[in-house]
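Numbering (our numbering), first residue to last: 128 to 314.
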């Protein structure tokens with residue numbers, strides 16, 4: 128499906144120069160002299176390369192629609208992640224690099240959505256937020272609680288996040304998987 132360059136949004140999958148790319152960041156610019164253009168930062172979904180491309184406003188690009196399938200994460204073995212199709216129970220093994228930093232937040236039995244292009248896995252989407260246990264948190268420095276200061280904390284999966292001063296070790300919190308930030312205290 129062809130779309131105008133000004134219709135590109137972050138997360139869109141585009142076919143560009145024979146590859147499949149995800150738009151990561153966009154910036155629409157209207158210089159005082161010359162035509163408007165879209166500056167798009169893209170990541171290749173096959174080999175992980177990044178590219179900055181400038182599209183003229185009148186230019187059109189091919190938007191790709193990926194097939195999505197529900198999978199369940201089974202286990203991790205080194206850098207290999209094993210997932211199971213929830214419909215036909217087939218298992219698929221992927222390299223942890225396909226998830227990037229989000230791979231640290233995978234939990235056994237977690238439901239994920241796998242995006243497929245021509246029956247080939249391109250990306251895995253985790254839930255936006257997960258619950259995690261804080262195993263270590265810095266002590267609050269007296270007098271810092273008046274301002275909205277945050278302190279570092281270590282989660283059970285080894286990821287460090289910044290948390291409010293009143294959150295301590297042993298507390299379960301909700302974490303944004305992709306931003307790796309504290310959202311709220313878990314219920």
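Just so you know, even glycine gets a beta-carbon here, dropped at the ideal spot from N, CA and C.
Residue span of the beta strand (DSSP E) that contains residue 153, given as start and end = 146 to 156
Tell me, please, whether the region 167 to 187 touches the region 201 to 218 by the rule of three or more beta-carbon pairs shorter than 8 Å.
-> no
What's the call for residue 164, buried or exposed, on a 16-neighbour Cβ count within 10 Å?
-> buried
Taking residue 143 as part of the beta strand (DSSP E), name the residues at either end of that continuous run.
-> 140 to 143
Taking the alpha carbon of residue 177 as the point to measure from, which residue in 152, 185, 236 and 240 has its own alpha carbon closest?
-> 152
At what residue ranges does the region 238 to 279 contain a whole run of the alpha helix (DSSP H), taking only runs of 4 or more?
-> none
In its own chain, which residues sit with a C-beta less than 6 Å from the C-beta of residue 155, not counting the 5 before and 5 after it?
-> 165
Do the region 289 to 304 and the region 248 to 257 make contact, defined as three or more Cβ pairs closer than 8 Å?
-> yes
Would you list the one or two residues that DSSP bridges to residue 318?
-> No information on residue 318 is available, as it lies outside the stretch 128 to 314 that the chain covers here.
Roughly how many angstroms lie between the CA atoms of residue 140 and residue 160, to the nearest whole one?
-> 30 Å
So, are the CB atoms of residue 179 and residue 189 less than 7 Å apart?
-> no
Beta-carbon proximity list for residue 281, same chain, < 6 Å, skipping 5 on both sides = 262, 263 and 287
If we ignore side chains and look at the alpha-carbon of each, how far apart do residue 293 and residue 235 end up?
-> 30 Å
Measure the alpha-carbon distance for residue 295 versus residue 265 and round it to whole angstroms.
-> 8 Å
Within the same chain, show all residues whose beta-carbon is closer than 7 Å to that of residue 238, passing over the 5 residues directly before and after it, in chain order.
-> 197 and 199
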